[in-house]
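For reference, the structure discussed in these notes is given below.
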Amino acid sequence: MKHIIYITAFSLSLSALALPAQAACYADYKAKKDNPLKLHYGVIKVSNAACSSPSAAASAIAPRLAAAGWTLLNIVSLFNDGGLDGRKANAGPYFLRF
987 MKHIIYITAF SLSLSALALP AQAACYADYK AKKDNPLKLH YGVIKVSNAA
1037 CSSPSAAASA IAPRLAAAGW TLLNIVSLFN DGGLDGRKAN AGPYFLRF
């Protein structure tokens, strides 16, 4: 009986390791800097927890931008790896910068 329990526990632990990792999450956003006014559009990687809603993403992104003197204006959208290529040219130097 003990062997069955050990084998079952071992099998469950192996199957948990085999689960695929969650896909990465990204947000595209607009930010500004004052005096003189500068605007930019960028793409940033966010945690899966912050990817649950635009407001959650904004809470995670705003401090990262603020550390560089930028103010987050809005989150445009949240997306996975599949949306990166189409946004790279538009984001320019702010593609995955922060």
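When we follow our numbering, the leftmost residue of the sequence shown carries the number 987, and every step to the right adds one. Glycine residues also receive a C-beta, built at the ideal position from the N, C-alpha and C atoms.
Check: For residue 1048, which residues of its own chain have a beta-carbon under 7 Å away from its beta-carbon, when the five flanking residues on both sides are left out?; Outcome: 1058
Check: Check this for me: beta carbons of residue 1061 and residue 1043, under 8 Å apart or not?; Outcome: yes
Check: Give the secondary structure of residue 1055 by DSSP, where H, G and I count as helix, E and B as strand, and everything else as coil.; Outcome: coil
Check: Excluding five sequence neighbours on each side, which residues of the same chain lie with their C-beta closer than 6 Å to the C-beta of residue 1080?; Outcome: 1026 and 1028
Check: Per DSSP, residue 1060 forms a beta bridge with which residues?; Outcome: 1016
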